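K.L.:
So that we are looking at the same thing, I have put the structure below in structure tokens.
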Amino acid sequence: MPQLPRTATWHLPVPDIETAPYWEATASGRLLIKHCDACGRDFFYPRAHCPRCWSSSTSWKEASGDGVVYTFTIVRQNDLPPFKERLPYVVAIVELAEGVRMTTNIEGIAPEDVRCGMKVRVAFREEARDEGSAFLPVFRPA
Amino acid sequence: MIAGVAESRFGEVPDATALQLHQQAAALALTDAGLTPGDVDGLFSCGADMMHPLILGEYLGIRPGYVDGTQVGGSSWEFFVHHAVGAIEAGLCDVALLDYATTSRSDVKRRIRSSNVAIDARGPAQFESAYGHTVIGRHAMAATRHMYEFGTTSEQLAEIAVQTRFNASHNPLAMYRDPITVEDVLSSREICSPLHMLDCCIRSDGGGAVVLVAEDRVPDLPKKPVWILGAGEATSHHTMSEWEDFTESPARRSAERAFRMAGVKPDDIDVLQVYDSFTITVLLTLEALGFCAKGEGGSFVEGGRLRLDGALPTNTDGGGLSSNHPGMRGLFLIIEAARQLRGEATGRQVSGASLAAVNGTGGWFSSTGTLVLGVD
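Put into structure tokens, the structure is as follows:
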């Protein structure tokens with residue numbers, strides 16, 4: 290039987306009109322979140338409008354980079370490249386000091402030692418591929 | 022009401038296409054309802070492909086005038102019932118066919134699909150994909166948080182897999198029927214902490230179909246009708262960081278609507294079918310449906326409560342953990358509930374079952390559809 294082309298591959302994040310400033314900032318070691326100028330709330334992931342009040346008056350704001358682990362899992366099985374070679378690794382939801390949450394990896398600690406409520410601080414990991422590179426915000430024990 | 026239900030061949034089916042299994046299930050369900058393909062004027066289906074209802078209608082050789090292709094993951098089938106009830110009541114269609122099948126197990130063996138779902142890195146996914154998240158990992162994060170907040174244990178989650186396997190051992194068609202123990206679950210390979218292999222649903226081939234008809238057809242039905250007494254749907258996040266509370270399934274909202282519409286309480290339910298993609302899915306669903314308080318799911322499932330002979334027989338066919346799981350399994354919950362209410366669940370019949378609840382969960386706790394079904 291002919292093998293279908295494998296679409297199961299991993300892509301670098303694809304910045305778009307709404308998110309380009311975010312990825313430009315991570316490349317210079319800064320973590321940006323969005324702020325609603327109308328209702329005053331911070332939010333993530335970034336979009337042009339505020340998902341709470343639908344105001345389009347929103348602006349970028351640099352996050353402190355401090356957060357706590359809300360929840361996590363130690364991934365021990367993933368057959369997609371390049372993750373297969375990285376097993377085991379930790380995927381987590383980190384709650385930033387500003388109150389917004391993001392999906393990320395926890396690094397710089399044995400996976401078994403990660404705990405909910407643990408204080409962490411942002412770091413940036415460069416991912417280079419043939420098509421380019423991106424700097425991913427990841428978190429390490431504070 | 023539900024007039025016909027059927028599964029196609031399921032388990033390991035290397036010698037049939039997914040469309041073949043769709044047709045097989047549909048033919049059996051229509052026969053079960055005493056109807057023919059020409060009677061179908063509403064088609065409700067979804068799959069991984071674009072325009073699935075069109076591909077399916079064409080393959081089946083029908084041209085329905087009412088179509089719904091809602092795709093919200095494994096709960097799509099409970100959403101379809103909710104929608105079909107409205108369409109039938111409004112006179113927009115008369116005979117609604119819900120039809121699903123995949124050959125996902127054989128496709129992995131043929132190496133034409135991966136066992137991990139690749140998610141694009143465009144749009145909101147650009148904030149997740151590069152971190153190597155997996156479907157199992159998304160569910161596992163709910164279990165981690167539930168353990169952290171409420172002290173739930175891996176042993177308690179394992180109880181769900183063990184009791185579901187007990188139920189499967191009474192279903193001759195279930196893929197896995199040999200009894201397992203809590204120790205078996207805990208010593209199985211950890212896939213994404215804290216979930217072990219036996220906390221995860223199986224992967225099977227197979228299809229199913231459900232036929233819903235208008236009330237005025239009741240006198241013509243060969244079998245007693247299964248009434249849809251209540252239905253509700255709820256939506257939540259798609260991106261994990263948007264889920265506000267990892268210990269609460271959106272089923273709290275869909276169940277509230279369904280139970281209110283039916284005018285019944287969880288205590289009234291004789292038999293329960295809930296999506297068991299993972300043991301944690303069942304635990305969060307039991308809490309959200311109101312069978313126990315939030316945070317108490319761990320102790321609630323102890324003591325064999327979910328077994329066929331327990332206080333709340335749940336996933337009586339062996340569920341997705343042991344019987345079959347060809348992907349978006351919500352349709353099979355409805356089939357098993359109908360069988361139990363008709364008294365047709367050979368070898369695993371819950372005696373006197375007259376009221377059933379069904380809860381489908383789609384995505385990663387992203388959507389839920391709840392149904393309350395009953396017989397006269």
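Protein sequence lines correspond, in order, to chains A and B.
When you number the first sequence by my numbering, it's gap-free, plus one each residue, and the end is 431.
When you number the second sequence by my numbering, it's gap-free, plus one each residue, and the end is 397.
C-beta atoms are modelled at their ideal positions from N, C-alpha and C, and glycine is treated no differently.
From a predicted model like this one, the values you see are computed outputs, not experimental measurements.
To the nearest angstrom, how far is the alpha carbon of B/G325 from that of B/G311?
P.N.:
Looking at the two C-alpha atoms, the distance is approximately 18 angstroms.
K.L.:
Could you check whether the Cβ of A/I363 sits closer than 7 angstroms to any Cβ belonging to chain B?
P.N.:
Yes, A/I363 counts as interfacial toward chain B.
K.L.:
Alpha carbon to alpha carbon, how far is A/G329 from A/A352?
P.N.:
C-alpha separation (whole angstroms): 15 angstroms.
K.L.:
Can you name the start and end residues of the alpha helix (DSSP H) that B/V303 belongs to?
P.N.:
Where B/V303 is concerned, the enclosing alpha helix (DSSP H) stretches over T300 to L310.
K.L.:
Tell me, to the nearest whole angstrom, how far the beta carbon of B/E180 is from that of B/V393; I am working on the premise that it is less than 8 angstroms.
P.N.:
In fact, because the Cβ distance is near 26 angstroms, the residues do not count as touching under 8 angstroms.
K.L.:
Give the interface partners of B/R126 over in chain A, defined as CB-CB distance under 7 angstroms, in chain order.
P.N.:
The premise fails here: B/R126 is roughly 15 angstroms from chain A at the closest Cβ pair, so nothing lies under 7 angstroms.
K.L.:
Is there at least one Cβ from chain B nearer than 7 angstroms to A/F413's Cβ?
P.N.:
No, because no Cβ of chain B sits closer than 7 angstroms to the Cβ of A/F413.
K.L.:
Would you call the stretch 74-81 of chain B in contact with the stretch 96-110 of chain B, where contact means no fewer than 3 C-beta pairs closer than 8 angstroms?
P.N.:
Touching, no.
K.L.:
Determine the contact status of A/G354 and A/F413, defining contact as a CB-CB distance below 7 angstroms.
P.N.:
Taking 7 angstroms as the Cβ cut-off, A/G354 and A/F413 do not qualify as a contacting pair.
K.L.:
Residues of the stretch 237-269 of chain B with a CB closer than 7 angstroms to any CB of chain A: list them in chain order, please.
P.N.:
Cβ contacts with chain A: T260, M261, S262 and F267.
K.L.:
Which residues mark the beginning and the end of the beta strand (DSSP E) in which A/R429 is found?
P.N.:
Its beta strand (DSSP E) spans residues G421 to P430.
K.L.:
In terms of DSSP beta bridges, what is A/E351 paired with?
P.N.:
Beta-bridge pairing links A/E351 to A/L321.
K.L.:
Whose CA, out of B/G59, B/S97 and B/A151, lies closest to the CA of A/P304?
P.N.:
Taking only the C-alpha atoms, the option nearest A/P304 is B/A151.
K.L.:
Within a Cβ cutoff of 7 angstroms, which residues of the same chain sit near B/A381, ignoring the five residues on either side of it in sequence?
P.N.:
Sequence inspection shows Gly at residue 381 of chain B; the Ala mentioned does not correspond to that position. Excluding residues within five positions, the ones whose Cβ falls inside 7 angstroms are G95, S96, W98, E99, Y296, G351, L354, T389 and G390.
K.L.:
Given this structure, state the Cα-to-Cα distance separating A/A327 from A/Y311, to the nearest angstrom.
P.N.:
Their Cα atoms are separated by approximately 21 angstroms.
K.L.:
For A/A297, which of helix, strand or coil comes out of DSSP?
P.N.:
Only weak support exists for where A/A297 lies, its pLDDT of 47 falling under 50; the value from the coordinates is given anyway. Note: A/A297 maps to coil in three-state DSSP.
K.L.:
7 angstroms is my cut-off, CB to CB: does B/Q361 come that close to chain A?
P.N.:
Cβ-Cβ to chain A under 7 angstroms: no for B/Q361.
K.L.:
Label B/C221 either buried or exposed according to how many other C-beta atoms from any shown protein chain fall within 10 Å of its C-beta, with 16 as the threshold for buried.
P.N.:
Label assigned to B/C221: buried.
K.L.:
Short of 6 angstroms in beta carbon distance, which residues of its chain neighbour B/T91, apart from the five on each side in sequence? Order them along the chain.
P.N.:
Cβ within range, chain order: S97 and F100.
K.L.:
In whole angstroms, give me the CA-to-CA distance for A/C339 and A/K323.
P.N.:
So the two alpha carbons sit approximately 8 angstroms from each other.
K.L.:
Examine chain A for any beta-carbon lying closer than 7 angstroms to the beta-carbon of B/H73, and answer yes or no.
P.N.:
No, B/H73 lies away from the interface with chain A (no Cβ there is under 7 angstroms from its Cβ).
K.L.:
Pop quiz: B/L400 and B/A117 are said to be a contact at Cβ under 8 angstroms. What is the actual Cβ separation, rounded to whole angstroms?
P.N.:
Outside the shown range of chain B (22 to 397) lies residue 400 of chain B, about which nothing can therefore be said.
K.L.:
Does the distance from the C-beta atom of B/S225 to that of B/P347 stay below 7 angstroms?
P.N.:
In this structure, B/P347 lies closer than 7 angstroms to B/S225 by Cβ.
K.L.:
Measure the C-alpha to C-alpha separation of B/F148 and A/A309 and round it to an integer number of angstroms.
P.N.:
Distance between the alpha carbons of B/F148 and A/A309 is about 12 angstroms.
K.L.:
Which residue or residues does DSSP assign as beta-bridge partners of A/F413?
P.N.:
According to DSSP, which records beta bridges pairwise, A/F413 is partnered with A/P426.
K.L.:
When you compare only the Cα positions, how much space is there between B/A175 and B/D288?
P.N.:
Reading the sequence as shown, one finds Ser at residue 175 of chain B and not Ala. Distance between the alpha carbons of B/S175 and B/D288: 27 angstroms.
K.L.:
Could you check whether the Cβ of A/M290 sits closer than 7 angstroms to any Cβ belonging to chain B?
P.N.:
In this predicted model, A/M290 has a pLDDT of only 43, less than 50, meaning its place in the structure is not dependable; the value taken from the coordinates is given anyway. So, interface residue.
K.L.:
For A/A431, I'd like the list of residues in its chain whose CB is within less than 7 angstroms of its CB, leaving aside the five on either flank, ordered along the chain.
P.N.:
Closer than 7 angstroms at the Cβ level, and outside the excluded window around A/A431, lie D355, K408, V409 and R410.
K.L.:
Tell me the DSSP secondary structure of B/Y152 in three-state form.
P.N.:
In the structure shown, B/Y152 sits in a helix (DSSP, three-state: H, G or I).
K.L.:
Please work out which residues of its chain come closer than 6 angstroms, Cβ to Cβ, to B/E211, disregarding the five sequence neighbours upstream and downstream, and give them in chain order.
P.N.:
If we look at B/E211 and ignore the five residues flanking it on each side, its Cβ neighbours are H217.
K.L.:
What is the DSSP secondary structure of B/N188, counted as helix, strand or coil?
P.N.:
Note: B/N188 maps to helix in three-state DSSP.
K.L.:
B/W248 lies in the beta strand (DSSP E); which residues open and close that run?
P.N.:
First-last of the beta strand (DSSP E) with B/W248: W248 to T256.
K.L.:
Between A/L369 and A/P377, what straight-line distance do the alpha-carbon atoms span, to the nearest angstrom?
P.N.:
When rounded, the distance between both Cα atoms is 13 angstroms.
K.L.:
Does the distance from the CB of B/R166 to the CB of B/F299 come in under 7 angstroms?
P.N.:
In this structure, B/F299 does not lie closer than 7 angstroms to B/R166 by Cβ.
K.L.:
Is B/V303 near B/P334, with beta carbons less than 7 angstroms apart?
P.N.:
The answer is no: Cβ separation not under 7 angstroms.
K.L.:
Counting only C-beta atoms, is B/F65 closer than 7 angstroms to chain A at any point?
P.N.:
No - not a single Cβ of chain A is within 7 angstroms of the one on B/F65.
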